[in-house]
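Notes for the one structure printed next.
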Amino acid sequence: MIRIAIVEDEPLHAKRLQDYIERFAAERETAFSVETFSNGVTLLEHYSGKYDLIFLDIQMAHMDGMEAAHRIRALDETVLLIFVTSLAQYAVEGYSVRALDYLVKPISYPEFSMKFSRAFQKLKDKAEAVLPVPTENGTAKLTAGEILCCEVMDHKLVFHTRRGDFSQFISLKEIEARLPAQQFVRCNNCYLINLDYVSGTENGDVLLAAGDTVLRLAISRSRKKAFYDALERRMQQKEHRV
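Heads up, the sequence shown is in the numbering used here, so the first residue is 60 and it goes up one at a time.
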């Protein structure tokens, strides 16, 4: 189920958004989970990264919507943001936090439906798995596409990603079941690698590369054939998509 947060300090506007979401859900014969917050401070107090979409009023007391958006982005890179504002000029700043769109008050249902349809389709089309990983500042959402590999280390699982390393107390087997099997494969018992980052193999090792990051991992004998078979299939899939 798609989870939505409404951050709006005016009860009338918050209720209108909730009513529009319910109307949209009835028209599409679907359902959404909706939570309402009167300000950004309350939302951020226990932010867990569980929301897929946040409607965020720009002009609010205590913490304006733009500041809240920047703090949300520091914790969550994948949540969709739609600003709600009385003046469209304020929404231009939304590009700095990669806002999907904005709504201008008073909001009409046709305008809401058009823009919410875009967000709804974007969420439906998400092909990548999203893994919530606890951090000191909240929760990081890792997409399959940014993970180079997962490594078992000191009873933890370390996610080596394009934006740094993250760790969690979880088994490699559990994460393996949640990631696309055609994209992720073990090269040995300690590593689950993203085949899309393989830059080559050398002397029984597989090389992963992303920007300045280069990893060299051993391919175990017991997994060698399965690994190379999976790598060949992945390369063929990518060739067919070109």
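We treat Cβ as the ideally placed atom computed from N, Cα and C, and that holds for glycine.
Status (buried if at least 16 other CB within 10 Å, exposed otherwise) for residue i
i, result
"A289", "buried"
"E195", "exposed"
"H219", "buried"
"D111", "buried"
"V273", "exposed"
"E104", "exposed"
"M60", "exposed"
"E170", "exposed"
"I65", "buried"
"A353", "With the chain covering 60 to 301 only, the question about residue 353 has no answer from this structure."
"G223", "exposed"
"G99", "buried"
"S281", "exposed"
"N253", "buried"
"F228", "exposed"
"R275", "exposed"
"R245", "buried"
"Y250", "buried"
"M119", "buried"
"E261", "exposed"
For residue i: DSSP bridge partner residues
i, result
"I61", "F91"
"V156", "In DSSP, V156 forms no bridge with anything."
"A268", "V273"
"V143", "D116, L162"
"E235", "According to DSSP, which records beta bridges pairwise, E235 is partnered with nothing at all."
"N250", "For clarity, residue 250 is Tyr in the given sequence; the question names Asn instead. The partner list for Y250 (beta bridge, DSSP) reads E210, N247."
"Q241", "Beta-bridge pairing links Q241 to no other residue."
"L216", "V211, Q227"
Contact under 8 Å by Cβ, residue i with residue j
i, j, result
"R292", "Q242", "no"
"G108", "G204", "no"
"L182", "L139", "yes"
"A277", "G263", "yes"
"V143", "D116", "yes"
"L71", "Y106", "no"
"K174", "I141", "yes"
"S279", "N248", "yes"
"R221", "A269", "yes"
"H129", "V156", "yes"
"A85", "F91", "no"
"V192", "T137", "no"
For residue j and residue i, believed in contact at Cβ under 8 Å, the rounded distance
i, j, result
"Y168", "R62", "Their Cβ separation, rounded to whole angstroms, is 22 Å, which puts Y168 and R62 out of contact at 8 Å."
"A127", "L102", "7 Å"
"L207", "L267", "5 Å"
"L76", "E88", "Wrong, their Cβ atoms sit about 20 Å apart, outside the cutoff."
"K164", "S145", "5 Å"
Residue-level contact to chain D via CB, residue i, 8 Å cutoff
i, result
"A64", "Absent from the structure: chain D. Only one protein chain is present."
Length-filtered (3 minimum) beta strand (DSSP E) runs lying within the stretch 65-123: 91-96, 112-116
**Asked** Considering only residues of the stretch 162-209, which uninterrupted beta strand (DSSP E) runs meet the minimum length of 3 residues and lie entirely inside it, listed in chain order?
**Response** 189-194, 197-202
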